[in-house]
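Straight run, no breaks: the sequence shown in the working numbering ends on number 1295.
Beta carbons: idealized from backbone N, C-alpha and C, even for Gly.
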Amino acid sequence: MRHPWFPVAAAVLLATTTSAFAQPAVPFADAGIHAVQFIDASEGWAVGDDGVVWHSMDGGKSWERQKTGSRASLRGVHFTTPYTGWAVGRLESPCGGSSVGVMLRTTDGGIQWEEVGMNVLPGLNAVRFFDEKNGFLCGDGSEAFPSGMFNTSDSGRTWKPVTGAKLPSCRGVDFFPGVRTGIVAGAWSRLGVVTPEGTYRDSELDPLAGRTIHAVTITGTSGITGATAFAAGDGGAVLTSTDGGKTWGFVNLGLSPAALAVCDFRTVACFGPHVWVAGKPGGFVLHSADSGKTWEVQKTELSVPINGMYFLTDKVGWMTGELGCIFGTIDGGKTWKVQHAGGQRAAVLSLNASHRSVPLDVISTLGLGEGYLCAAVGLMCADPATSDPKRAGDAARLRNTMRLAGGATGDVNWAFPVAAHTAGLPPRELMASWDRKHDGKATEQLLRQAVCAIRTWQPEVILADLVVENGPAADVLALHMAKEAFTKAADPEAFPEQIKILGLKPWTAKKLYALAPQAKGSQVLLDQSIYTAALGDSPKDYAEPATRILADDSAVVDRRCFTLVAHRLEGAEKHAALMQGIQVARGGASRRPETAVILDPEMMEDKKKAAQSRRRLENLATVTDPEFAGADKILGVLGVELKKMPDDTAARTAFSVATRFARDGKWAEAREVYGLLALQYPGHPLAIEGYRWLTRFHASSEARRRTEIQQKYLLKNVTFEMLPGAGGKVVQASGTSSNAAKPVIQEDVYRVYNPEAILRWHQGCLDLEPKLVAFGPVYSRDPASWLCFLAARRQVGRHNDAVTFVRDYFKSTPGAALSAPGQDPWRDCLAAELWMTDRSLIGVPPKGLATCRNAEVRPMLDGKLDDACWQDMKPMPLAPLASDDTRADEKKAFASAYKTETKFAYDDAFLYVSVACTHPTGMKVPAVEKRTRDADMTGHDRVDILLDLDRDYQTYYRFQVDHRGCLAEDCWGDKTWNPKYFAAFHSTDTGWTVELAIPLVELSNERPSHGKTWAANVSRVTPGKGIQSWNGPADDTPRPEGMGLLQFRVDSK
C-alpha cells in the first residue's frame, strides 16, 4: 500500500459470482471490435467487447475466436512477437464507481490468454511495448492514479504511474520512432506529451469545446525531429503537429462544416506520407497521400462506426468497427472488403436525451430474448465544466451495459452538454443555452445528429424518451427531435451532405415508440418481472446488473409502457408488441441466429421461487409500519431467506435492501445488511460497494452525530424574541414567517456523549482497512478511502499515526507532492491534511482557506447583514466555473451581474452563515409565505452550503436556500435529517440575502475550539447562467472533494 510500484499479483481476485442457473450464450459474433494488429501479412489479432479476441492466419480472410474468459471491453492490443502479446480493456463498476482495468497476456500466440492481476489499475484503453520488458499503458484517470498512465520495465509484473495532472481518460497513444517519448490523446479536449522519465505535460492547442481526441499516430523515420503527428477526434477534428506534440493545428479536410458536424473520428493510421482517418458514421474513410495536404473520400460497404485501424504497408491494412465488423484492403483503401461481421445494422435504436434513460430491461427482451440487434445513442452528454471526470466514460459505460443487457452497442454524442445550471429550464431556454456553441443553429444541429444516428444504424423500430407533461427539458427536446428525425431520415433532401459526401443512405424506419408513464393510452404494455426462458430470468432481473452500472436502483422497474408516436405500417396503432409487423429473419442483417434454449422445469421453478422471495424481502424494506413489516422484521428473516437463494441473487437482494435502508435514512439497518453482504458474499462485485459504504459510515462524525440524536432526543426551548419594526423574516426550517428576532438561547441538549462509543464507532472504519486493501490498488489507493482512514485515526486519537499515514501517501505517489493545486481535487484534499501538519512538504494551502470568527454579539437575524459580526469580516467570494471555450468577457460579466459572497461566524451555541447574492434588476421573485421541509429548488436560483466536520470529504451536512427563501437540508444525501435551525431572508430588486443560525449541537457533540478546521463550501446555481463556487469543483449535486478549509478563530479580527 505504501509503494509506488504495483505488483499485478498482489490483489485478491474479485470475481463475478456466477449463478447456479444456466445463462444465455454471449453473442460474441456482434461484439464491437476496437483494435487490430498484424505482425505480418498473414497473422493478426483483433480485440473488442465481451472479451473477444479474433485471430487470423490468412491475412483476414478467415477469423477464429480465441477464448479469454473475460467479458471486459478490450480496447487495445499489442504483440511484440508472434507469441507474446497483450490485450487491455475495462470493466465498469456499479453504483457510479470508477472503471477497473483488465490486462490479458499470452505467450503462445493466443492459444491461452491469462488475466494478469485484478483491480490493480483503472480502466485501460491502449497498450504499447517497446521490447519484451518495457511497456506503456493508458486509460482512465482515477482518484488513485490521476494521470491514468503507467510504465513497466519488467514485462508487466509491476507498473509505475506516470506523474502529471489528473486526466479524465486517455484514449490513444503513439510514440516517436526510436525513442520513448509519446503523444497521448484523451477525453474532454486533452492532448499531451509523455516523456521517457515518466512525466506528462499538456500540449498547446486551441479550445476544442469538450471534444474527445480518440486516437493519435506518428509518422517519421527516427526520433522527434522531422516526425509528423496526427490526432483524430469528435466534431470532425483532425489535428497535426510537427514540433514533437508541443503545439497543434487543425487539418483542412476539404469537407463542408455540415458534414463534419456529425463526424466523430475514432481512429487514425499512417504509413509514410499516407494518412487514413475513420470513425462515426461509418461508410467512408478519409485518405491523404501527401501527409495531410489533400484528402479524398474512400467508401466502405457498411455504415457501422469504425473504431480501430492498422496499416502494415501503404497498401495493406485493416479496420475494425461495431457489430463485429472487420474490413481489409490491399490497395491502400481504394476498396474495403468485409472480412468478418456479426451484423450489418441495428433492428432497434434507443434514441434518448441521456444515456441513463435507455430501458435496458427492454433491450434484454428484444436483444437477447428475441435476437434483434439493438443500439443506443445518447444525444446529450455531461458538461466538462462542472461534471465529475468519471462522466468522461459515459459512452464506455453505456456500451458495457448494453452488452451486459443483451444489446449490441451504445454511444453518447458530445456536442450537446447538459450543464448543471440548466436543470429545470423550459425546453426553449435549454436550446438557447446551446445556440452560442452552435452559432445560433442548435435546433438544426441536434436534428442533424438524430437523423445521422438513424441513417447510421438503419433501425426498424426507434425507442424514444418518456412522454410526460412538464418533463425534463432535455427529454422533451430529444423526443421532439426523434419524431422529426423519423421523417427527415427518409428524405434524401434533408441533410443531403450525409448522403452525397459521407455515403449514408436515406432510411425509412417503421415505427417510433416513446416510453409512457402509465398504461392508460399506451399501445404496448410489458411486464418485465415475468420469467423468460430465453433469458433464464425475468428481463428486469437479467438487466439489473447492467442497470446498476448505468443508473441506480430507481431505474429497475417492473413494467414498461410505450405509446406509438409515428409509424409507416398499416394497423400499427393496434400492435401490442414493439416488433409486431417487423419482418426480420434470424441470422440476417439485423438479427442474431437462432440459439437453442434448454428448458429445465425444475431449474425454472427454483429461479421463480428465488425471484418471489426476493420481491417479498424488497417489499418488506419499503414498509414503514412496524406492525406489518419494517426494519426489525426484515433483519430477522433476511439471513434465513438469503441462504435459500443462489449466491448471485442473494447478494443482489442484500444490496438492494441495504441501499433502500440507506436511502430512507435507516443507517443502522443499512449497516447490518451491508455487513451481511460483505461477509457472506465477498466475491460478488457488489461486496466492494458494501465495504466502501461501511468505511464511509464508520469514518463519519456526521453520520455518528445523526445516529446519536436518533437514539436519544432530549430537547429544551430555543426561541427568538420578536423585534418591533424589524423588516426581515426569521423562521424555523419549517414554519410560518415572522418578524426578525433577537435570540434567547436555552440550547438543545442531546445527552448521548459517550467517549467509548465514539472510539468503537471509528475503530470500525480502521478495522475495514485491511479488507479494502485486499481488493487491490484500485480501491486501496483511492484517496477517498485514505481520507476516511485518516479521519478515523484522528477520531480515535492516533494523531501521530495520522500524520505518518498521509505523509506516506505523498512519498509513495510519484509527483503528488509537487503537483499544482487545482489539477486534482482529491490530491488537494490529502495535501490540505499534510499542509496542516507538515509544511515542509506542502508549503502553501492547496485549497481555499477562510476564517469563521467568534461573534462577540449575536446577529439579529433579519437577513440584512448589517450586524456588527459581519461588518469587519473578510467575505468569501464565489467565482464562476467555466469550460475551456467560455470567453473571458462572458465569465467576467456573469460574475459581475450575479456577484455572490458568503461569511461564517460562530459563538458558544450557533454557527452563523450569511450569503449575499446579486442579480440584474427585474429578476426578483416573491418570497415564500410558508416554508416546508426539503423544498424542490429545481430551476431556481439557489445556494448550497456544505459542511464536513471531520474532513473525510465523503459525508457532510448540506443546507440549501433559494431566491424565494425556501429551505432544504440533508445529511449525506438523507433528506429525513431535519435539524432545528433558523433562517432570515431578505430580497430587493437587485438581489437577495440570507442568514442562518444553526445550533452547534445539531452538528456535533463538541463546540469548535480555536484553530479547529472544517471542510466547507458554498456554491450558487443560477439557472441558465452558470455555477459559482467558493472552492472547486462544484456542481448542482454535491462534489465534496471540492470543499475548502474553514478555520475557527476566537479573535474577532
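Residue 577 versus residue 548: straight-line alpha-carbon distance, rounded: When the Cα atoms are used, residue 577 and residue 548 turn out to be separated by approximately 15 Å.
Residue 1222 versus residue 1109: straight-line alpha-carbon distance, rounded: If you take the alpha carbons of residue 1222 and residue 1109, they lie about 23 Å apart.
Limits of the unbroken beta strand (DSSP E) element including residue 1158: Per DSSP, the continuous beta strand (DSSP E) segment holding residue 1158 begins and ends at 1152 to 1160.
Buried versus exposed call for residue 265 [16 or more other C-beta atoms within 10 Å across all chains shown]: Classification for residue 265: exposed.
Which of helix, strand or coil DSSP assigns to residue 508: Strand.
Residue 660, buried or exposed, once every other Cβ within 10 Å from all chains shown has been counted against 16: The residue is buried, with at least 16 neighbouring Cβ atoms inside 10 Å.
Pick from 742, 313, 292, 322 that is closest to residue 286, judged by C-alpha positions: It is 322 whose Cα lies nearest to the Cα of residue 286.
Nearest candidate by alpha-carbon position, reference residue 367, set 317, 359, 385: Closest by alpha carbon: 317.
Assumed close pair residue 352, residue 327 - CB separation to whole angstroms, cut-off 8 Å: Right, the Cβ-Cβ distance comes to about 7 Å (below 8 Å), so this counts as a contact.
Those runs of the beta strand (DSSP E) which lie wholly inside the stretch 782 to 863 and span at least 3 residues: Runs found: 801 to 809.
Start-to-end residues for the alpha helix (DSSP H) that takes in residue 922: Counting along the chain, the alpha helix (DSSP H) containing residue 922 begins and ends at 909 to 922.
Where the beta strand (DSSP E) through residue 354 begins and ends: Residue 354 -> no beta strand (DSSP E), and no H or E assigned at all.
Separation of residue 521 from residue 542, as counted between CA atoms: Between residue 542 and residue 521, the alpha-carbon positions lie close to 12 Å from each other.
Three-way DSSP call (helix, strand, coil) for residue 1234 in this model: For residue 1234, the three-state secondary structure derived from DSSP is strand.
DSSP-derived helix/strand/coil call for residue 1021: If DSSP states are grouped into helix, strand and coil, residue 1021 belongs with the helices.
Cross-strand partners of residue 687 (DSSP beta bridge): In the DSSP output, where bridge partners are listed per residue, residue 687 has none listed.
Burial state of residue 361, where buried means 16 or more other Cβ atoms lie within 10 Å: Around the C-beta of residue 361, 16 or more other C-beta atoms lie within 10 Å, and the residue is accordingly described as buried.
Delimiting residues of the alpha helix (DSSP H) encompassing residue 730: Annotation for residue 730: the continuous alpha helix (DSSP H) segment containing it runs 715 to 730.
At least 3 beta-carbon pairs within less than 8 Å: the stretch 281 to 296 vs the stretch 664 to 679: Per the Cβ contact rule, the stretch 281 to 296 is not in contact with the stretch 664 to 679 (fewer than 3 Cβ pairs under 8 Å).
Residues near residue 438 by beta carbon distance below 8 Å, same chain, minus five either side: Hits under 8 Å: 421, 422, 423.
Expected contact under 8 Å - CB spacing of residue 436 and residue 404 to nearest Å: Between residue 404 and residue 436 the Cβ distance is about 6 Å, and since that is below 8 Å, they are a contact.
Environment of residue 1052 [buried if 16+ CB atoms lie within 10 Å]: Buried, by the Cβ-count rule.
Collapsed DSSP secondary structure at residue 994 in the structure displayed: The pLDDT assigned to residue 994 is 47, lower than 50, so where the model puts this residue is not dependable; a value taken from the coordinates is nonetheless given after this. Here residue 994 carries a coil assignment [DSSP, helix/strand/coil].
Touch test, the stretch 1095 to 1103 against the stretch 1133 to 1148, Cβ-Cβ under 8 Å, three pairs minimum: Touching, yes.
Neighbour-count burial assignment, residue 1369, 16 or more Cβ in a 10 Å radius: As displayed, the chain neither begins before 243 nor continues past 1295, which places residue 1369 out of reach and without an answer.
DSSP state of residue 597 mapped onto helix, strand, coil: Helix at residue 597.
Limits of the beta strand (DSSP E) - the one that residue 315 falls within: 315 to 321 is the extent of the beta strand (DSSP E) around residue 315.
Selected residue, minimal CA-CA separation from residue 311, among 336, 281, 268, 275: Of the candidates 336, 281, 268, 275, the one whose C-alpha sits nearest the C-alpha of residue 311 is 268.
Residue range of the beta strand (DSSP E) that includes residue 1188: Bounds of the beta strand (DSSP E) holding residue 1188 are 1184 to 1190.
Under the three-state DSSP convention, the category residue 281 falls into: Looking at residue 281 - three-state DSSP - the assignment turns out to be coil, as it is neither helix nor strand.
Rounded C-alpha distance that separates residue 839 from residue 781: Each residue's Cα considered, the two are about 16 Å apart.
Residues near residue 1271 by beta carbon distance below 8 Å, same chain, minus five either side: Within the same chain, and ignoring the five residues on either side of residue 1271 in sequence, the residues whose Cβ sits closer than 8 Å to its Cβ are 1120, 1121, 1123, 1259, 1260, 1261, 1262, 1284.
Spatial distance of residue 580 from residue 374 (CA atoms): Taking C-alpha positions only, residue 580 is separated from residue 374 by approximately 33 Å.
Residue 324: first and last residue of the uninterrupted alpha helix (DSSP H) it sits in: For residue 324, there is no enclosing alpha helix (DSSP H), since its DSSP letter is neither H nor E.
Residue 682 versus residue 662 - alpha carbon distance: Each residue's alpha carbon lies about 21 Å from the other.
Length of the line joining the Cα atoms of residue 700 and residue 342: Rounded to the nearest angstrom, the two C-alpha atoms are 33 Å apart.
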